[in-house]
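I have placed the structure first, in the form of structure tokens, so that the comments after it can refer back to it.
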Amino acid sequence: MLNTNCPLLSTNLNKNEGPCKKDNFSFGLSLLHARIRFFETMLHVAYRLPIKKWNVRLSAEEKQVVEDRKKEIQSQIKEKLGLLVDMPKANFGNTNDGNTSRRFFEEYEISAEITGVDKNLIYRLKIILDALCSGMKINVEQFEKYCKETAEVYVTLYNFYPMSLHYIKFFFMEQLLSRKQYYLLGNSQRKEQKLATRILGHSD
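Going by my numbering, the sequence shown runs without a break in its numbering and finishes at 225.
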């Protein structure tokens, strides 16, 4: 029997309250996997926008609506961004890789137009990923505030689709960052952006 109080139950994942356990983050965070999971969640939300339901108890008709919407989005992304998304690869995995997800967030305006997902949310996720991948010290207060605001945007708009654990880890990064300890995460190139600059700190 399921424990309905379990914080990892899908129905509880969009509740933005309660402290995080630092031990849950002891193995660190993979920025590559986070970027891909952020991207995939945006796709899965987009597929379900016409019905605004999660996978549980979908009727045959609703499943067909989701499948048709998925094919439409895949076609548009291929045409406008030149990317193959959510396509199985021979022997293992699918086409959702780091380069594909990076391009999706870089072209956030086109991505929002294609998917119907809120442009501001996609842009905010891009800012979070850019900040973490910059290899620079992070201003904890600004980053914490920005992540929480982004989580609120997500839940307000798309509460029908539970956030993945990757989202939760990044949205509540204050449990990972402190004034005395910084995570120099990644070394990827970052375009200048006013918001990212404000989030990033340079002081020792």
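We put the CB at the ideal spot given by N, CA and C, even for glycine.
Q. Once you ignore the five residues that flank K110 on each side, which residues in its own chain have a CB closer than 8 Å to its CB?
A. Cβ contact annotation for K110 (same chain, cutoff 8 Å, sequence separation greater than five): T116, in chain order.
Q. F126: which of Y144, R58 and I94 sits nearest, CA to CA?
A. Closest option to F126, Cα to Cα, is Y144.
Q: Compute the beta-carbon to beta-carbon distance between S122 and R56, rounded to the nearest angstrom, for a pair I have assumed lies under 8 Å.
A: Taking C-beta atoms under 8 Å as the contact rule, S122 and R56 qualify, at a distance of about 5 Å.
Q. If we count the other Cβ atoms within 10 Å of its Cβ and call it buried at 16 or more, is D151 buried or exposed?
A. Classified as buried, D151 has 16 or more neighbouring CB atoms from the shown chains inside 10 Å of its CB.
Q: Less than 8 Å between the CB atoms is what I'm expecting for I135 and T171, so what's the real figure, rounded?
A: Actually they do not touch by this definition, with Cβ atoms about 21 Å apart.
**Q.** F181 - containing alpha helix (DSSP H), residue span
**A.** Annotation: F181 is outside any alpha helix (DSSP H) and is labelled neither H nor E by DSSP.
Q: Consult DSSP for I159 and reduce its assignment to one of helix, strand or coil.
A: Here I159 sits in strand by DSSP.
Q. When you compare each of L153, Q95 and Y182 to S51 by their alpha carbons, which one comes out closest?
A. S51 has its Cα closest to that of L153, out of L153, Q95 and Y182.
Q: Measure the beta-carbon distance from I98 to V106 and round it to whole angstroms, keeping in mind my assumption that it falls under 8 Å.
A: The Cβ separation is near 5 Å, so the contact holds.
Q: Measure how close the beta-carbons of D139 and L102 come, nearest whole angstrom, since I'm counting them as under 8 Å.
A: Distance from D139 to L102 at the Cβ level is roughly 18 Å; contact not present, criterion being Cβ atoms closer than 8 Å.
Q. With a CB to CB cut of under 8 Å and the five nearest residues on each side skipped, what residues in its chain are close to E128?
A. Around E128: L102.
Q. If we count the other Cβ atoms within 10 Å of its Cβ and call it buried at 16 or more, is F113 buried or exposed?
A. Looking at its Cβ environment, which holds fewer than 16 other Cβ atoms inside 10 Å, F113 is exposed.
Q. Where do the ends of the alpha helix (DSSP H) carrying D139 lie?
A. Unbroken run through D139: none, as it is neither H nor E.
Q: State yes or no: is the C-beta of F181 within less than 8 Å of the C-beta of W75?
A: Yes; because the gap between Cβ atoms is below 8 Å, this pair is in contact.
Q | Spatial neighbours of P71 in its chain, beta-carbon cut-off 8 Å, leaving aside the 5 residues before and after | A | Within the same chain, P71 has close Cβ partners V86, V87 and R90.
(Q) By the three-class DSSP mapping on this structure, what secondary structure does N76 have? (A) Per DSSP, reduced to three states, the secondary structure at N76 is coil, with no helix or strand assignment.
(Q) Can you list, in chain order, the residues of its chain with a C-beta nearer than 8 Å to that of L53? Leave out the 5 residues immediately preceding and following it. (A) If we look at L53 and ignore the five residues flanking it on each side, its Cβ neighbours are G119.
**Q.** Host alpha helix (DSSP H) of T121 (start-end)
**A.** Here the alpha helix (DSSP H) through T121 covers G119 to E127.
Q: Rounded to whole angstroms, what's the CA-CA distance from G250 to A67? Just pull it up for me.
A: Nothing about residue 250 can be read from this structure; the chain reaches only from 22 to 225.
Q) Beta-carbon separation of R124 and L104 under 8 Å? A) Yes.
Q | Uninterrupted alpha helix (DSSP H) stretches inside the segment 66–112 (no shorter than 4 residues) | A | 81–102, all fully within the segment 66–112.
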